[in-house]
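K.L.:
In the UniProt record's numbering, the protein residues as written are 1 to 102. Virtual Cβ for every residue (Gly too), placed ideally from N, Cα, C. One structure, pasted below without further comment.
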C-alpha cells in the first residue's frame, strides 16, 4: 500500500551507502519509464488525484481510467525490483559473512 517505512528502516536503507544508490536510482528509472510512456501517448493523461496509499496498479487505473496505465505501473514496479536486486544480494552476502565471522 505504498508505505515504505518497514523497507527503509528494516533493511536498513537509512545510513547504508550500499542501499542508498538504488534508493536514489529506482525512482529515476521509474520516472523515466513513465515519462516515455506518457510522451508516446501510450497512456491517457491523469484525470484524478488518487490517495497515496492506493496499491500499485489500482492507483494507476483510478488516476487515468486506462488499463495500459496499470501495465506501465507494473513495469515500473518490476524495474525498481531489478534496480534493487543486485544491491540487496551484495548486502545479504555481507551480512552472511558478518554472521559467520569472516
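(1) With a Cβ-Cβ cutoff of 8 Å, do residue 22 and residue 83 count as a contact?
(2) Whether or not the stretch 56-65 and the stretch 6-22 are in contact is what I'm after, with contact meaning three or more pairs of Cβ atoms, one per stretch, closer than 8 Å; do they touch?
(3) Tell me the rounded alpha-carbon separation between residue 69 and residue 27.
(4) Given residue 87, which residues of its chain have a CB within under 7 Å of its CB, disregarding the five upstream and five downstream residues?
(5) Would you call residue 72 buried or exposed, if buried means 16 or more other Cβ atoms sit within 10 Å of its Cβ?
(6) With a floor of 4 residues, list each alpha helix (DSSP H) that falls wholly inside the UniProt domain "PTS EIIC type-3" (1-87), ordered by position along the chain.
P.N.:
To lay it out plainly:
(1) In this structure, residue 83 lies closer than 8 Å to residue 22 by Cβ.
(2) Contact between the stretch 6-22 and the stretch 56-65 is absent, because fewer than three Cβ pairs lie under 8 Å.
(3) Straight-line spacing of the CA atoms in residue 69 and residue 27 works out to 17 Å.
(4) So the list reads 18, 19, 21, 22, once near-sequence residues are dropped.
(5) Sixteen is the threshold: when 16 or more other Cβ atoms of the shown chains lie within 10 Å of the Cβ of residue 72, as they do, the residue is buried.
(6) Listed in chain order, they are 5-10, 17-39, 58-64.
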